[in-house]
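Here the working numbering is used: the first residue of the sequence shown is 4, the next is one more, and so on.
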Amino acid sequence: MPIMAEGISRKIADPFDYGGGTINPCGAAHPGLIYDIDPSDYSKFFKCTISNKRTPVDCNTTTMQPAYYLNLPSISVPDLRHPITVSRTVTNVGEVNSVYHAAVQSPAGVKMEVVPPVLVFDATNKVQTYQVKLSPMWKLHGYYTFGSLTWHNDQKTVRIPIVTRLTIEEFY
Numbered sequence: 004m005p006i007m008a009e010g011i012s013r014k015i016a017d018p019f020d021y022g023g024g025t026i027n028p029c030g031a032a033h034p035g036l037i038y039d040i041d042p043s044d045y046s047k048f049f050k051c052t053i054s055n056k057r058t059p060v061d062c063n064t065t066t067m068q069p070a071y072y073l074n075l076p077s078i079s080v081p082d083l084r085h086p087i088t089v090s091r092t093v094t095n096v097g098e099v100n101s102v103y104h105a106a107v108q109s110p111a112g113v114k115m116e117v118v119p120p121v122l123v124f125d126a127t128n129k130v131q132t133y134q135v136k137l138s139p140m141w142k143l144h145g146y147y148t149f150g151s152l153t154w155h156n157d158q159k160t161v162r163i164p165i166v167t168r169l170t171i172e173e174f175y
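What follows is the structure, encoded as structure tokens:
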């Protein structure tokens, strides 16, 4: 029996209702890969930038970017009309010499490609960037669909959820 979401109109639960998965405290203490981010990285995603104590906020010079470009351990594209490419940077905090392979579960109606499909880490190469290309396969205005990208090796599995919604045109 599927999990049902609470609310006025009951529906089958989706990742917006139950999240990205179960919590594993032991696994969280030894994640293998992390999606590192600095507070200054957020400035590209607000119409204001944070600079220093004398001029703490500058709201005239920054152009806001879509949030899916932020280096988070998830990708959510609420308005997929044309192919887009999103980059993510991961840092290996696990075993020094590690090789991770990508396993893709594409959201319905979306072609998903990961480049490179293999990440190789060693003592001098602890940070890698990969790209995820999301291309709509249908021309329709639809609901949110869900998929995932999983990086795995013999010891670790690092999964991020992928959420997309196909749209025909901008309605807002």
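Ideal placement from N, C-alpha and C gives every residue a C-beta, glycine not left out.
Residue span of the alpha helix (DSSP H) that contains residue i, given as start and end
i, result
"Tyr21", "18 to 21"
"Pro139", "Premise fails: Pro139 lies in the beta strand (DSSP E), 130 to 139, not in any alpha helix (DSSP H)."
Cβ-Cβ separation, residue j to residue i (assumed contact under 8 Å), whole Å
i, j, result
"Tyr133", "Leu122", "7 Å"
"Val161", "Gly35", "6 Å"
"Thr148", "Val113", "7 Å"
"Ile40", "Val93", "Wrong, their Cβ atoms sit about 11 Å apart, outside the cutoff."
Given residue i as reference, the closest of the options once Cα atoms are compared
i, options, result
"Ser109", "Ala32, Thr88, Leu137, Pro18", "Leu137"
"Phe124", "Asn27, Trp154, Ser101, Asp39", "Ser101"
"Lys159", "Asp44, Ala31, Val80, Met4", "Ala31"
Status (buried if at least 16 other CB within 10 Å, exposed otherwise) for residue i
i, result
"Tyr71", "buried"
"Arg13", "exposed"
"Asn95", "buried"
"Met140", "exposed"
"Met115", "buried"
Beta-carbon contacts of residue i that lie in its chain and below 6 Å, excluding the five residues immediately before and after
i, result
"Ala8", "Lys14, Ala16, Asp20"
"Ser90", "Thr132, Gln134"
"Ile171", "His144"
"Gly150", "Gln108, Ser109, Pro110, Ile165"
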